[in-house]
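Data first, discussion second: the structure below is written as C-alpha cells.
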Amino acid sequence: MSVDEKSSLAATTPWSTSLDAPSRAHRRRVVLLVYHRDGVEMTPLHVGQRIVVGRESPADVVIRDVSLSRRHACFTLDADGVAVEDLGSLNGTCVGGQRVARCALKAGDEVALGAITVSVHILDGAGAPLLGLEGHDSFRDALGVELARARFFQREAAMLVVRPLHAGHGQLRHFCSRIRGLVRSVDRVALYGGDTLEILLLESGSEQALRIARAIVAGPQGEPALGCGVAIFPAAATSVETLLEASHDAARRTRVDERIQTAPPEGPSVWVPPLEPVAGDVDEDQFLTRSPRMREIVEVAKRLARANIPVLLSGETGVGKEVLSRLIHDVGPRRNHPLICVNCGAIPSQLVESTLFGHERGAFTGALQQHKGVFEAADHGTVLLDEIGELPAAAQAALLRVLESRRITRVGATKEIEIDVRVLAATHRDLDAMCATGSFRLDLLFRLNAATLEIPPLRERREDIAPLAARFLRLACKENGCGVRTLSSDARTILEAHSWPGNIRELKNAIERAIAIGEGDEVTIQDLPVRVRGSTSSPATREAAADDDESTSSRGGPQGQAAQPGREPQSGAHPPRSEAPRGVGLKERMKQIESELILDALSASGENQTEAARLLDVPLRTLQYKIRELELRRGGYRSV
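Shown next, in the form of C-alpha cells:
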C-alpha cells in the first residue's frame, strides 16, 4: 500500500477501530498539526491528556501570534475521540466556519484559532513524512549553512519552490505529506505562507531536481494542479538571497501547460529593464533613490557613462551594483547595443575562458560546435563582470591581456579577433586586500578601477527603504494576482529599523513573503519574516495584546487574571543598557564593551550568529566562543 493510500485510510478510519484495539494502538497515534505563519508544529495527543494552544506560557503549544489569546483553546482525547474547547478567547474557536464553545472532532477536521489552523490526524508508521516541515526563517538560516558547505566541497544543491497554479485552490497542508515523502530525510522542506513549499535538495544537480519536480507536479486525481520552480546552486545563483529569488521567480512563471520552470544559469544574459518608478519618489533613470548620498553616486555614474573607461562597482551583496551598471549602459553611447552580465563566481573554473572568450569546435571534450564568448557577443556594447574577485588566476591574466589589446582569442584557435567592448566590474570583496595576499592581480586591478563607485549598504540610506518597499509591494501584488495592498505604519517602521544585511535583495524577498502569507488590504508586522520583526514590539501589537487580556478578564474566562506588576519582559526584548559603575576595573570594562558590541551585532542581524560574525569581522567560531565566555544567552543574549 502506498503512503498516500495509508494516509487516506488514516484520515477516514473511525475512532473506534483506530484507537480502541490494543493491537492497533501501538501502530496508530493521534496528532495535532498547528499551521502558523512561520511553519508547522506537530503535537501528539494521548488519552486523558489536555493540550492547550495559546500565545504564551503556560500553554502547552505556544504560537507567537497576536490573533491568539494567551490560553486560547484546549484539545483532549478520550475513548469517544478528540474534542476542542474554547477557553474564553477573544477571537474565538471555529469549526466548519462556526464559532463553538466545545465541539467533537473527527480525523481530518480543521479548527481555526484566530488566524491559526489546527488539524487532527491519525498517523501510523507512514505518517513520518509529515515531520520535517519548518518555517521560512529557520530554513533560510539553514540554507546559508548548507550553501557554504556546498561551496567548500564544490558540490551542487537544488532549490525547489512548489505552489498551486490557481490561487485559492487548496492549502499545501493537504498534500505536504506526499511531497515530503518524495524527498530524502536529509533534505529540508519549509512552509512559505499558506500555499507554498520551499525544498532544499542537498548535493543534487539538475537531473535529480527535475526528476523530483516531475513527481511533485504529477499529483493524484483531485489534488490541485501544482507548479514547481527549480534553481540549481551554483549555476543559477551563488548566494542565499539570489537562490531564493531565482527559485521563486521560476515558480511564478509556471503554467498549466508548463508546470516546471527552471531558473536560467547565471551565465551570459541580456538585462531586463527594471520596474517603473513609484509615483512621487525620486527616480534617477530607473535607479530609485531618495538618499542624497546615492544621488551623488548616480550623478557621477551618469557622467562616467559618457566615457569609455572601465568602472569598478564596489559594495555589499544586494546593494544594487547590477542596477547601477545598467544605468551606466543605458545613458551612454552604447545603449543601443547589448549589455551582457556574467557572474564570475558561477562559472566552473575550467570553463571560464570558454565562457568569456568562446571556443572552437573540438577545442575540448564536449565542444561540439563553435561558440561565441561573452566579449564577442557584446561587441560594441557593455560587459558586466559580476563578482570579479572570484575570477581564477589564469582567467585574470587572460582578461588583463584583453583589456590591454582589445583582442580576444577563442579557446582552441590561433587567430585573434578585434572587439569593441566597454568593461564594468562589480565585487563585494576587498580587492586591495586580495592583491596584498596575492589572490588578485594588482595590474588587473589598476586596469579595472580607472573609476570606482562604492555603493553604500541599505542600512546607511534608510530613506530608500520605504520607496523600495512600495515598488516591490506593487510588483509582488501584480505577480501573485492579488489586489493592491499597502504597508501599515507599524510595518513600515519595522522595515526602516531593520539592518538589512542582505540589502535590497533581502528587502525584496521579505516583501514577497509578506504578500504570500498576508491577508487583507494591509501588510502588517505579523506578515514580515521573524528575522525582520526581531524582538521589536510595535504599539499596535501591545495594544492588541492588552485588549485581548482586558476582554478575557471582563468575561471571567480561564485566563482572566490581571497582569502582575513587575512582570519580566519576554525573552528577546533588549532592556536599555546601563552605564558602567565607577571603580570598575579595565578587564571588567573590556568585557562589558565586548558584550555590548556582540549584542548590537546580534540585534542588527536578527540574532543570526553567522551574519553577526560578518558584521563584527570575526570568524563564526570566535563569536560563538565569546558568547559562551561572556555568558550571553540566546533569546536576547542578555547576561545571565
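So the sequence shown is numbered by our numbering: it starts at -7 and just counts up by one. Backbone N, C-alpha and C fix where the C-beta goes; we use that ideal spot for every residue, glycine too. Since we're looking at a predicted model, the values are computed, not measured.
The Cβ atoms of T478 and D513 sit closer than 8 Å to each other. Spanning the alpha carbons of S397 and G365 requires a straight line of approximately 17 Å.
Per DSSP, the beta-bridge partners of L331 are T374.
A contact between stretches requires three or more CB pairs, one per stretch, nearer than 8 Å, and the stretch 296 to 303 meets this requirement with the stretch 430 to 443. In this structure K470 is exposed. Its beta-carbon is surrounded by fewer than 16 other beta-carbon atoms within 10 angstroms. With 16 or more other Cβ atoms inside 10 Å of its own Cβ, A205 counts as buried. Per the C-alpha coordinates, the member of V181, N328, A385, I517 positioned closest to V153 is V181. The beta-carbon separation of L192 and L135, rounded to 6 Å, stays under the 8 Å limit for a contact. Comparing alpha carbon positions, the residue from A71, L105, E190 closest to C86 is L105.
Judged by DSSP in its simplified three-state form, S306 adopts strand. CA-CA distance, G354 to L360, rounds to 6 Å.
Residue pairing by DSSP places E77 opposite C66, R94 in a beta bridge.
Taken in chain order, the whole alpha helix (DSSP H) runs of length 4 or more contained in the stretch 181 to 216 are 198 to 209. A residue is called buried once 16 or more other Cβ atoms fall within 10 Å of its Cβ, and I585, having fewer, is exposed. Taking 8 Å as the upper bound for CB-CB distance, F349 and R393 are not in contact here, some 10 Å apart. For F367, the enclosing alpha helix (DSSP H) covers residues 366 to 369. Counting every other CB atom within 10 Å of its CB across the protein chains shown gives T406 a total below 16, marking it as exposed.
Counting along the chain, no alpha helix (DSSP H) covers C336, and no H or E run does either. For V413 and A508, the gap between their C-alpha atoms comes out near 42 Å. Per DSSP, the unbroken beta strand (DSSP E) holding G221 starts and ends at 218 to 225.
Boundaries of the alpha helix (DSSP H) around C469: 457 to 472. Taking the CA atoms as reference points, A93 sits about 8 Å from G80. T35 is not a Cβ neighbour of V44, given a cutoff of 8 Å. Rounded to the nearest whole angstrom, the C-alpha separation of P257 and L624 is 43 Å. By the C-beta criterion, the stretch 136 to 148 is judged to be in contact with the stretch 224 to 237, since at least 3 inter-stretch pairs fall below 8 Å. With a cut-off of 8 Å on Cβ pairs, the stretch 421 to 430 is not in contact with the stretch 450 to 469, counting fewer than three such pairs. V232 is positioned such that its CB atom lies no closer than 8 Å to that of R155.
Only residues of its own chain outside the window of five on either side were considered, and among them G84 have a CB closer than 6 Å to the CB of R91, listed in chain order. DSSP places P284 in no beta strand (DSSP E) but in the uninterrupted alpha helix (DSSP H) bounded by 284 to 297. L105 is bridged by DSSP to T85, I108.
Relative to L319, the option among S346, L343, T281 whose CA is nearest is T281. The continuous beta strand (DSSP E) containing H28 extends over residues 21 to 28.
In the DSSP assignment, Q616 falls within the alpha helix (DSSP H) that extends over 612 to 621. Cβ atoms of G381 and F432 come within 8 Å of each other, at about 6 Å. Judged by beta-carbon spacing, L520 lies beyond the 8 Å limit of A461, meaning their Cβ atoms are not closer than that value.
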